[in-house]
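J.:
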Amino acid sequence: MKKRRFHLPLALTWIVLLFLIVPSLVAFPVSVTNQNYLSFPDGEISWKHFENLFSSPEWISSFVQSAIVAFCSSIVATIAGSLCAVGLWRLSSQLGEIVRAILLLPLIIPSIISAMAFYRLWIPLGLIDSYAGLILAHSILALPMVLITVSASLANFDFRLEQASRSLGAPMFTTIRRVIIPSIQPGIFAGAVFSFILSWDEIVVALFISKFSVFTLPRRLWNGMRENTDPTVAAAAVILITTTLAAMLAYNLLAKRASRSTAQ
Amino acid sequence: MTSTALRRFNPYWMLVLPVTAAVALLYIAPIINILFLSVTDPQPGLGNYQKLVESDTLIRLIWTTIRVCLITTFFAVSLGYLVAYTMMHALEGQRRWMLSILMISFWISVLVRTFSWLMLLGRTGLVNETLISVGVISDPIAFVRNEVGVLIGMVDYMIPYAVLPLLANMRGIDPRIMSASRSLGASNLQTFVRVYLPLTKPGVIAASLLVFISSLGFYITPAILGGGKVLMIAEYISVQLLVTVRWGTAAMLASIMLISVLLLMYILNRFMKLGTIFGGDVR
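Residue numbers (the numbering used here), protein chains in the order written: chain A, 1355 to 1618; chain B, 7 to 289.
(1) Taking Cβ-Cβ distances below 8 Å as the criterion, which residues of the region 148–169 of chain B are in contact with chain A?
(2) Tell me whether VAL1430/A is buried or exposed, calling it buried when 16 or more other Cβ atoms sit within 10 Å of its Cβ.
(3) How would you call LYS1357/A, buried or exposed, if buried means at least 16 neighbouring beta carbons within 10 angstroms?
(4) Please classify ARG1574/A as buried or exposed, where buried requires at least 16 neighbouring CB atoms within 10 angstroms.
(5) For PRO36/B, which of LEU1442/A, ARG1611/A, PRO1478/A has the nearest alpha-carbon?
(6) For ALA1604/A, count the other beta carbons within 10 Å of its own beta carbon; 16 or more makes it buried, fewer makes it exposed. Which is it?
(7) Could you work out which residues of chain A lie near ILE114/B, taking near to mean beta carbons separated by less than 7 Å?
(8) For a test of the three-state rule: what should DSSP assign to SER221/B, helix, strand or coil?
(9) Identify the contact partners of PRO1395/A in chain B, using a Cβ-Cβ distance below 9 Å as the criterion.
(10) Does any CB atom of chain B fall closer than 9 Å to the CB of ASP1555/A?
(11) Where does ALA148/B fall in DSSP's three states?
(12) Evaluate contact between the region 1543–1563 of chain A and the region 1498–1509 of chain A, counting only Cβ atoms and requiring at least three cross-stretch pairs below 8 Å.
(13) Specify whether the region 88–106 of chain B and the region 167–178 of chain B touch according to this definition: at least 3 beta carbon pairs, one from each stretch, less than 8 Å apart.
(14) Between the region 121–140 of chain B and the region 213–224 of chain B, do at least 3 Cβ pairs fall closer than 8 Å?
(15) If you follow the alpha helix (DSSP H) that ASP47/B is in, where does it begin and where does it stop?
(16) I believe GLN1419/A touches PHE1569/A by the beta-carbon criterion, under 8 Å. Please report the beta-carbon distance rounded to the nearest angstrom.
(17) The alpha helix (DSSP H) with MET238/B in it runs from where to where?
(18) Any C-beta of chain A sitting closer than 9 Å to the C-beta of LEU264/B?
(19) Within the same chain, show all residues whose beta-carbon is closer than 6 Å to that of ILE34/B, passing over the 5 residues directly before and after it, in chain order.
(20) If you run the structure through DSSP and keep just helix, strand and coil, what is SER61/B?
(21) When you compare the CB of GLY223/B with every CB in chain A, is at least one pair closer than 9 Å?
(22) Please report the straight-line C-alpha distance between PHE218/B and SER1465/A, rounded to a whole angstrom.
(23) Note down the Cα distance separating MET278/B from GLU1398/A, rounded to an integer number of angstroms.
(24) Taking 9 Å as the cut-off, decide whether the C-beta atoms of GLY1450/A and SER1564/A are in contact.
(25) Under 8 Å by Cβ, that's how I've got PRO1460/A and PRO1498/A pegged, so tell me the actual separation to the nearest angstrom.
(26) The ligand PLP heavy atoms versus the CB of LEU215/B: any closer than 8 Å?
(27) Going along chain A, which residues have a C-beta under 8 Å from PRO17/B?
(28) Check for me: the alpha helix (DSSP H) holding ASP162/B runs from which residue to which?
(29) Hey, could you find the ends of the alpha helix (DSSP H) LYS1402/A is sitting in?
(30) Name the chain B residues whose beta carbon is nearer than 8 Å to that of CYS1438/A?
(31) Establish whether the CB of TYR91/B and some CB of chain A are separated by less than 9 Å.
(32) What does the alpha-carbon distance come out to for the pair LEU43/B and SER1400/A?
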């Protein structure tokens, strides 16, 4: 009786979930269409749009640039965010919490405002349209992600281990390297993956602070979407989305393995 | 004096200070500069803010933004409530699938999702083609280049943002309370309306605020699915900066958006900590 009453919300929930996921995947069939305009494959599938994509120097260069920017931003954000998370965790003072709130701001402030701020400052600093400028901006935007994931790991970490290490004479940096970091690895890794994806997908800030010499994949996708109806854009969308999914999958597998090894 | 100050200085500040200084200089300072520009560019004074009452374009712009965000919030939170509620009561295996779908859609690029909606809902998109070939309609329905398209895209994007705080809230509710209500003679519906719903009020408020805050700054979805017909603040700011190069008006609009977002975030923080919301997907 109770079970049957539950059927309707369950069915509706699955409809909502399909509404979330299925439309996002429409780029997959469109990318293998045999037509030359955005359409679904008409009987047979064709890989010509992927061939176009991988023989186009513009798309290849955007792909490489996006990978460089996302990789570097992820490293910078992960190091900076982890340091802050460990510091703030150990400080646990009121001033520390104010600092934490400030460091979380890039997550809260709408990206259009962040884009404006970077744009305005990057011009006099000469960082417009440069790798350094985009990596720096993306690192700042990704910092809160790392701060959150590493802080979550630290919440489960027994701070007496840190005290034991210090009281046995280990200096702060040895304690961090040998005691704290090994125990919060899952959080650090999660932060690294999330900040990679954040930078990989980021478009609003890139629209403002990159123009010619740095032209990331989302940036080229954005132009392609507005200008033409060439299915190559769908193929590029497939690449973008597949990389994100692969990063998430890798994270999930590693997280599962980590939790299994700690359980043993 | 100095030596006690030094001894008081916790060495862990050394980890925090360099990064904080960099963020303050490279991010917080230019944000504050925007607030400053809104009252100084092109000339000092409140001229930019005065346009809010004078210019019909700006009034319409702000009204459109608020309306679209409110409708998005309503639908995203309603559908999100349904999803969160079902997830709480679903079997373990199914719940894990649901959570994975939520996380995947949470992380798929907004650009790709908007592009997908364009391919589906456009004049020659899959939905129109199907409806025409089945014979339901003879002319394509205009789903995009209007507010309907923008709303579909935004609700779709915002549902995971609504589900996460609701889940965090519902996890904390003791199921025995509902059993108690039923054993005291209340029907399932009465238990839901008079016991469960009030208990999830903080979750609903947190979810609504989070969705509304995130919707305010939306740029990609309105720009593409609205096709220039649905102008929201973020797109207007970008046109002001990149096309007409008028920092004053853009800074004024950005300042209003910034202050609203921070104010709402402050209220949200009293209902639910940010870490609680996003903590759910971390572990």
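Quick reminder that beta carbons are idealized off the backbone N, C-alpha and C, glycines included. Treat the numbers as computed from the prediction; the structure is a model and nothing was measured.
T.: Here's the rundown:
(1) The residues in question are ASP162, ILE165, PRO166.
(2) Around the CB of VAL1430/A, 16 or more other CB atoms lie within 10 Å, so the residue is classed as buried.
(3) With a pLDDT of 49 at LYS1357/A, under the threshold of 50, the modelled position of this residue cannot be trusted; read the value that follows with caution. So LYS1357/A ends up on the exposed side.
(4) ARG1574/A is buried by the Cβ-count criterion.
(5) Measuring from the Cα of PRO36/B, the nearest candidate turns out to be PRO1478/A.
(6) Taking every protein chain shown into account, the CB of ALA1604/A has fewer than 16 other CB atoms within 10 angstroms, so this residue is exposed.
(7) Neighbours of ILE114/B on chain A, chain order: SER1378, ILE1595, THR1598.
(8) SER221/B falls in the helix class under three-state DSSP.
(9) Within 9 Å Cβ-Cβ: nothing; PRO1395/A doesn't reach chain B, min ~12 Å.
(10) It does: the Cβ of ASP1555/A has a partner Cβ on chain B nearer than 9 Å.
(11) Residue state, collapsed to three classes: coil.
(12) Yes, the region 1543–1563 of chain A is in contact with the region 1498–1509 of chain A.
(13) Note that the region 88–106 of chain B touches the region 167–178 of chain B; at least 3 beta-carbon pairs, one per stretch, sit closer than 8 Å.
(14) As far as the Cβ criterion goes, the region 121–140 of chain B does not touch the region 213–224 of chain B, which means the pair count is below three.
(15) For ASP47/B, no alpha helix (DSSP H) run applies, since DSSP gives it neither H nor E.
(16) Right, the Cβ-Cβ distance comes to about 7 Å (below 8 Å), so this counts as a contact.
(17) Premise fails: MET238/B is in no alpha helix (DSSP H) and is neither H nor E.
(18) Under the Cβ criterion of 9 Å, LEU264/B is counted among the residues facing chain A.
(19) Cβ within range, chain order: n/a, list empty.
(20) Reduced to three states, the DSSP call for SER61/B is coil.
(21) Judged by the 9 Å Cβ criterion, GLY223/B is in contact with chain A.
(22) About 15 Å.
(23) Counting only the Cα atoms, GLU1398/A lies some 52 Å from MET278/B.
(24) It is not a contact, given that the beta carbons lie outside the stated cut-off.
(25) The C-beta distance from PRO1460/A to PRO1498/A rounds to 6 Å, short enough to meet the 8 Å contact threshold.
(26) Because no ligand of any kind appears in the structure shown, any question about the ligand PLP cannot be addressed here.
(27) Under the 8 Å cutoff, chain A gives MET1526.
(28) Note, ASP162/B: alpha helix (DSSP H), 153–177.
(29) Taken as a continuous stretch (DSSP letters only), the alpha helix (DSSP H) holding LYS1402/A covers 1402–1409.
(30) Within 8 Å Cβ-Cβ: LEU21, VAL22, VAL25, THR26.
(31) Chain A contact via Cβ: present.
(32) Taking the straight line from one Cα to the other gives about 53 Å.
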